[in-house]
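K.L.:
I'd like to ask some things about the structure below.
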């Protein structure tokens, strides 16, 4: 059963209880908006595709109208079927996609463009990056893990070693949000001065490992050993 839904976190499912009759727009907390997007002009259940599986919508860019009746139905559905996603998504994305299971085929007008859910790695791989409306910072390294000095125009970032061209986007994020929560130059997330480089190294290792796996060069004697795969499998299913 979807125990994640009982946690005190503001997922879309919790917000379904608000019955004010207005359209709501759910947005990623770890993203930056680059232009005016006018999402309130879209119909209910308009959503951005998930980068990993585009036939699913991502609950982080999602237009909906709260309804107590829908909220109850979704909770009943979750109790019966659970959720196929994990804690990193809050547990709501899997439930919403199995509840609104016809989203992929019902109405193409409710499929928002991928530019509403661009990750920094996808953004720099294609020539259409200048169309981006939202940039989503996936992975373990987040913009708020960095200290920010507005006087240092060329400050190095852990993102440099991962996706060098995303550094301007990180700067946009920091300029918009970090001054609201911390004084310039102070990072409140971690006292460890080396954690930034550690996080960057971990991110690079993960990207390299994924690349090797997709090329058919799995590390069956180490990270990709059967026991490790089953442990990951059990983590998602139980």
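Residue numbers (our numbering): 1463 to 1700.
Every residue, glycine too, gets a C-beta built ideally from N, C-alpha and C.
#1: Could you compute how far the alpha carbon of residue 1691 sits from the alpha carbon of residue 1674?
#2: Quick check on the DSSP output: what are the complete beta strand (DSSP E) runs of length 3 or more inside the region 1553-1580, in order along the chain?
#3: For residue 1536, I'd like the list of residues in its chain whose CB is within less than 8 Å of its CB, leaving aside the five on either flank, ordered along the chain.
#4: Roughly how many whole angstroms lie between the Cα atoms of residue 1516 and residue 1576?
#5: Which residues bound the beta strand (DSSP E) around residue 1531?
#6: Provide the residue span of the beta strand (DSSP E) that contains residue 1475, from first to last.
#7: Indicate whether residue 1574 and residue 1493 have their beta-carbon atoms separated by less than 8 Å.
#8: Assuming residue 1520 is part of the beta strand (DSSP E), what are its boundary residues?
#9: Work out the CA separation of residue 1545 and residue 1682 for me, nearest whole Å.
#10: With DSSP as the reference, label residue 1499 as helix, strand or coil.
P.N.:
Let's see:
#1: To locate residue 1691, count along the chain shown from 1; it is residue 229. To locate residue 1674, count along the chain shown from 1; it is residue 212. Straight-line Cα distance between these residues: approximately 16 Å.
#2: none
#3: For the purposes of this step, residue 1536 is taken as the residue at position 74 of the chain shown. So the qualifying residues of the chain are 1475, 1478, 1557, 1558, 1561.
#4: Here residue 1516 refers to the residue found at position 54 of the chain shown. Here residue 1576 refers to the residue found at position 114 of the chain shown. Taking the straight line from one Cα to the other gives about 9 Å.
#5: Translated into positions along the chain shown, residue 1531 becomes position 69. Where residue 1531 is concerned, there is no enclosing beta strand (DSSP E), although the alpha helix (DSSP H) it sits in stretches over 1530-1543.
#6: Position 13 of the chain shown, counting from 1, holds the residue named residue 1475. That residue, residue 1475, is in no beta strand (DSSP E); its alpha helix (DSSP H) goes 1474-1477.
#7: The residue you call residue 1574 lines up with position 112 of the chain shown. The residue you call residue 1493 lines up with position 31 of the chain shown. No. Outside cutoff.
#8: Start at 1 with the first residue of the chain shown, and residue 1520 comes out as number 58. 1519-1526 is the span of the beta strand (DSSP E), which, as asked, contains residue 1520.
#9: Taking the first residue of the chain shown as position 1, residue 1682 is located at position 220. Taking the first residue of the chain shown as position 1, residue 1545 is located at position 83. Between residue 1682 and residue 1545, the C-alpha separation is close to 29 Å.
#10: Taking the first residue of the chain shown as 1, we reach residue 1499 at position 37. Looking at residue 1499 - three-state DSSP - the assignment turns out to be coil, as it is neither helix nor strand.
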